[in-house]
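See structure below.
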Amino acid sequence: MVGMVSENNRNQFKSFVGLMQKKASTKEPAAEAQYNSDGDQEKIELVTDLIRKKIQQGK
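Each residue of the sequence shown is one higher than the one before, starting from 12 at the first, in my numbering.
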């Protein structure tokens, strides 16, 4: 169903965002995405695009 997010996906998103915020705050290179063949790369790209849009909106 559209709009439904599993608890596991929500936790993965929070972990990913937390990692990216930590990396951004320490000015280290962004963590390299590790993924497997079940669509994780597409999820990471979607989240990355969402984060970029949110950052641009905040400027």
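We put the beta carbon where it would ideally sit given N, CA and C, even for glycine.
F24 versus E56: straight-line alpha-carbon distance, rounded = 12 Å
Coarse secondary structure for S17, derived from DSSP in three states = coil
What separation, rounded to the nearest whole angstrom, lies between the Cα atoms of F27 and T59?
-> 9 Å
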